[in-house]
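Enquirer: Residue numbers (our numbering), protein chains in the order written: chain E, 2 to 333; chain Y, 5 to 330.
For each residue, glycine too, the CB sits at the ideal point set by N, CA and C.
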């Protein structure tokens, strides 16, 4: 399998510039500085055609920002995103625009990503007509076929989003993404807001679509159980940096990074009996002022002096890469 | 004597679209230090059950039947004044969103001291002392300083801890927790679960943990009650319910959870979706989605059958019975 999507050192910074009053205050001696958040810091990984890659991490780790950059919804500050060899971050090239259409995104909350004033037929059909995949005359049939594909009755085409349940709305979100015949889907917490029984239906739908339409997924989620179920490989992020990448089995059986170990330890599981909940101490630090060296060191049980000093390199063994000093000469 | 004995609780909402029987004949008991996991999907009536116990149901909702016996005393018979004396004192609630508990414009100290002194004649200094201890107990670092802070200065997880500390202030006999960790990250969730688990063990506080996540209560609760369309469809000791579920809905829920050893396989999904509560089917509410539906199910609603010590089931075709005959 060749890489379908490649990320090379992709970073995204959010800066808050000083306004006029603040600049004046600084000139008068106030201690004001421009604040800058490295939401995503030099992320590199690849996704092969047909693969499902899970992207996990706690809130604020940058996983959604990364997803949005791949979808072309946010410009990158640094680095390169290549889709089938073409740099899709180049806004002006027609080739990049064509490639970007092959990448579609499904959001967490279908209510806020569907236009409440449009009927389903318009929501799903609009983009397909615009991009010339169907004509105005034939769009009704095109939409019906899509609805059928995501398991909805064609009668839904005449409804508005508020007339549907959460699970049905999410299916509309999926149908809309599929309308432009993408090859690559980014699912950003797409099932997090759904009830357990509906979640299972949507997960099964994702699996069916993957098989039938030969789709590739970047599956962003905080739910490790779901990611373990659906993904072939998993990317773990912490505070903007990728800390571990591994095939799903290897990651869940032998996590190498202490953060991944802590994360996996804390997933409540069925069948574990009454468990004593073990905890990793502290909370995710503010990305405005991240700890120096390895971002995880204040919470890490194995941290040593080197972790406070030096940003860990990514060490790759086979398909398993880890950014931790423990696997790169020790923490002293 | 049990701390809480809920008998045939009925809470209905009188809406323009019709009467919604959000809670329709729910019964359970809770002993000292016991943790009950009340599990269900949205609209199953699990939260309304919790709100009913604290008499926090707003119109058009009303508790229309049943008894809520708290240490033998029927809460439905109390005056509003007497109920206020219990709320936040003997019975506390933790909400999903801690900002339901916290006033955004008051310092934590003001809110905590007020909560103590509303129920007890103690000096402000003594109340403050108790607040510091409660914050320390839920794992808030440097509690003395944090008392001075406003709610917005805390992170989501810390805010939920403050809400839990307020619930603990007066050493309640019963805490009703409504999805308090749903919005939190796993690492924070497991910290809070660890603390709650320890508290229930140490202080003998009975706990009702309302959630949609069976995996959370699997590690926490002594007993589980599963709700569907306003009724408890299955209840029993946690292990028994999780390892040998009798109700097809419980089986479906368990099958829906992705977990170890089933990677990539199809999840057993429950077909269809939660019923329209204003137009519940006659007979069993789960019948339209159930793989074992028979004519009986469509005509008569099943009653509760005792199938073991502390195990109740509301089903005409439980899987346990099938195993028994096989």
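Whose Cβ in chain E lies nearer than 8 Å to the Cβ of residue 189 of chain Y?
Expert: Translated into positions along the second chain, residue 189 of chain Y becomes position 185. Chain E residues near residue 189 of chain Y: 59, 60, 223, 285.
Enquirer: Just to confirm my understanding: we take residue 229 of chain E, look at its own chain, exclude 5 residues before and 5 after, and list those with CB closer than 7 Å. What are they?
Expert: The residue labelled residue 229 of chain E in the question sits at position 228 within the first chain. These residues qualify, in order along the chain: 249, 253.
Enquirer: When you compare only the Cα positions, how much space is there between residue 282 of chain E and residue 50 of chain E?
Expert: Your numbering for residue 282 of chain E matches position 281 in the first chain. Your numbering for residue 50 of chain E matches position 49 in the first chain. Roughly 39 Å separates the two Cα atoms.
Enquirer: Whole angstroms are fine: how far does the CA of residue 306 of chain E sit from the CA of residue 54 of chain Y?
Expert: Here the question's residue 54 of chain Y lines up with position 50 in the second chain. Here the question's residue 306 of chain E lines up with position 305 in the first chain. The straight-line gap from Cα to Cα measures roughly 50 Å.
Enquirer: At the 8 Å Cβ level, is residue 140 of chain Y part of the contact set with chain E, yes or no?
Expert: In the second chain, the residue the question calls residue 140 of chain Y occupies position 136. Taking Cβ atoms only, chain E never reaches closer than 8 Å to residue 140 of chain Y, which makes this a no.
Enquirer: With H, G and I counted as helix, E and B as strand and the rest as coil, what does DSSP make of residue 1 of chain E?
Expert: Examination of residue 1 of chain E is not possible in this model, given that chain E is present from 2 through 333 alone.
Enquirer: Hey, how far is the Cα of residue 187 of chain Y from the Cα of residue 68 of chain Y?
Expert: As a first step, residue 187 of chain Y must be located in the second chain, where it is residue number 183. As a first step, residue 68 of chain Y must be located in the second chain, where it is residue number 64. About 32 Å.
Enquirer: In chain Y, which residues lie less than 8 Å from residue 205 of chain E when you measure between Cβ atoms?
Expert: On the first chain, residue 205 of chain E is found 204 positions in, with the first residue counted as 1. Chain Y residues near residue 205 of chain E: 270, 271, 273.
Enquirer: Closer than 8 Å, CB to CB, is residue 236 of chain Y near chain E or not?
Expert: Stepping through the second chain from its first residue, residue 236 of chain Y is reached at position 232. Chain E contact via Cβ: absent.
Enquirer: Once DSSP output is grouped into helix, strand and coil, what is the label at residue 323 of chain Y?
Expert: To locate residue 323 of chain Y, count along the second chain from 1; it is residue 319. The answer is helix: DSSP assigns residue 323 of chain Y an H, G or I state.
Enquirer: Please name the residue, chosen from Y/217, Y/322, Y/289, that lies closest to residue 28 of chain Y on a Cα-to-Cα basis.
Expert: Here the question's residue 28 of chain Y lines up with position 24 in the second chain. Among Y/217, Y/322, Y/289, the Cα nearest to that of residue 28 of chain Y belongs to Y/289.
Enquirer: Just to make sure I have the definition right: I need the residues of chain E whose C-beta is within less than 8 Å of the C-beta of residue 260 of chain Y. Which are they?
Expert: Here the question's residue 260 of chain Y lines up with position 256 in the second chain. Here the neighbours are 197, 198, 200, 201.
Enquirer: Is residue 50 of chain E close to chain Y? Criterion is C-beta to C-beta, closer than 8 Å.
Expert: Residue 50 of chain E sits at position 49 when you count from the first residue of the first chain. No, its Cβ sits nowhere closer than 8 Å to a Cβ of chain Y.
Enquirer: Closest Cβ-Cβ distance between residue 159 of chain Y and chain E: below 8 Å?
Expert: Counting from 1 along the second chain, the entry for residue 159 of chain Y is found at position 155. For residue 159 of chain Y, the answer is yes, since a Cβ of chain E falls inside 8 Å of its Cβ.
Enquirer: Would DSSP call residue 85 of chain Y helix, strand or coil?
Expert: Here residue 85 of chain Y refers to the residue found at position 81 of the second chain. Here residue 85 of chain Y sits in helix by DSSP.
Enquirer: Using DSSP with H/G/I as helix, E/B as strand and the rest coil, what is residue 296 of chain E?
Expert: Working through the first chain from its first residue, we reach residue 296 of chain E at position 295. In the structure shown, residue 296 of chain E sits in coil (DSSP, three-state: anything other than H, G, I, E or B).
Enquirer: Spell out whether any CB of chain Y is found under 8 Å from the CB atom of residue 264 of chain E.
Expert: Position 263 of the first chain holds residue 264 of chain E. Answer yes: the Cβ-Cβ gap between residue 264 of chain E and chain Y drops below 8 Å somewhere.
Enquirer: Are the region 190-205 of chain Y and the region 263-270 of chain E touching by the rule of at least three beta carbon pairs closer than 8 Å?
Expert: Yes, they touch.
Enquirer: Count Cβ pairs between the region 231-246 of chain Y and the region 209-218 of chain E that sit closer than 8 Å; are there 3 or more?
Expert: Because the criterion of three Cβ pairs below 8 Å is not met, the region 231-246 of chain Y and the region 209-218 of chain E do not touch.
Enquirer: Helix, strand or coil for residue 20 of chain E per DSSP?
Expert: Here residue 20 of chain E is taken as the residue at index 19 of the first chain, counted from 1. In this structure, residue 20 of chain E counts as coil in the three-state DSSP scheme.
Enquirer: Go through its chain and collect everything with a Cβ distance to residue 312 of chain E's Cβ below 7 Å, but skip five positions before and after it.
Expert: Here residue 312 of chain E corresponds to residue number 311 of the first chain, with the count starting at 1. Cβ within range, chain order: 294, 295.
Enquirer: So the candidates are E/187, E/234, E/181, E/90; which of them puts its Cα closest to the Cα of residue 140 of chain E?
Expert: The residue labelled residue 140 of chain E in the question sits at position 139 within the first chain. Considering only alpha carbons, the answer is E/181.
Enquirer: Just mark residue 164 of chain Y as buried or exposed, buried being the case when its beta carbon has 16 or more other beta carbons within 10 Å.
Expert: Within the second chain, residue 164 of chain Y is the residue found at index 160, counting from 1. By the 10 Å Cβ count, residue 164 of chain Y comes out buried.
Enquirer: Using the rule of at least 16 other Cβ atoms within 10 Å of the residue's Cβ for burial, across every protein chain shown, is residue 298 of chain E buried or exposed?
Expert: Sequence index remark: in the first chain, residue 298 of chain E carries index 297 (1-based). Residue 298 of chain E is buried by the Cβ-count criterion.
Enquirer: Shortest alpha-carbon distance to residue 122 of chain Y belongs to which of Y/111, Y/85, Y/152?
Expert: As a first step, residue 122 of chain Y is located in the second chain; it is residue number 118 there, counting from the start. Out of Y/111, Y/85, Y/152, Y/85 has the C-alpha closest to the C-alpha of residue 122 of chain Y.
Enquirer: Taking only beta-carbon atoms, is residue 42 of chain Y less than 8 Å away from chain E?
Expert: Taking the first residue of the second chain as position 1, residue 42 of chain Y is located at position 38. No, no contact with chain E.
Enquirer: Against residue 240 of chain Y, what residues of chain E qualify as contacts under a CB-to-CB distance less than 9 Å, listed in chain order?
Expert: Your numbering for residue 240 of chain Y matches position 236 in the second chain. Within 9 Å Cβ-Cβ: nothing; residue 240 of chain Y doesn't reach chain E, min ~15 Å.
Enquirer: Given that a residue counts as buried once 16 or more other Cβ atoms are within 10 Å of its Cβ, and exposed if not, what is residue 71 of chain E?
Expert: By one-based count along the first chain, residue 71 of chain E stands at place 70. Buried.
Enquirer: Using only CA atoms, which one of Y/135, Y/16, Y/214 lies nearest to residue 61 of chain Y?
Expert: Mapped onto the second chain, residue 61 of chain Y falls at position 57. Minimum Cα distance to residue 61 of chain Y is reached at Y/16.
Enquirer: Report all residues from its chain with a CB closer than 7 Å to the CB of residue 310 of chain E; omit the five preceding and five following residues, and keep chain order.
Expert: Against the first chain, residue 310 of chain E aligns to sequence position 309. Same-chain partners within the cutoff: 294.
Enquirer: Among E/148, E/57, E/144, which one has its Cα closest to the Cα of residue 1 of chain E?
Expert: With chain E running from 2 to 333 in the structure shown, residue 1 of chain E is simply not present.
Enquirer: Any contact of the region 76-89 of chain E with the region 206-214 of chain Y, i.e. 3+ C-beta pairs under 8 Å?
Expert: No: fewer than three Cβ pairs fall under 8 Å.
Enquirer: Within the 8 Å Cβ cut-off, does residue 174 of chain E reach chain Y?
Expert: As a first step, residue 174 of chain E must be located in the first chain, where it is residue number 173. Not an interface residue.
Enquirer: Can you tell me the Cα-Cα spacing of residue 218 of chain Y and residue 258 of chain Y, whole angstroms?
Expert: Walking along the second chain from the start, residue 218 of chain Y turns up at place 214. Walking along the second chain from the start, residue 258 of chain Y turns up at place 254. Cα-Cα distance, rounded: 8 Å.
Enquirer: Closer than 9 Å, Cβ to any Cβ of chain E: which residues of the region 213-226 of chain Y, in chain order?
Expert: Those residues of the region 213-226 of chain Y that come within reach of chain E (Cβ to Cβ, closer than 9 Å) are 216, 217, 218, 219, 220, 221, 222, 223, 224, 225, 226.
Enquirer: When DSSP builds the beta bridges, which residues end up paired with residue 112 of chain E?
Expert: Sequence index remark: in the first chain, residue 112 of chain E carries index 111 (1-based). Partner(s): none; residue 112 of chain E has no beta bridge.
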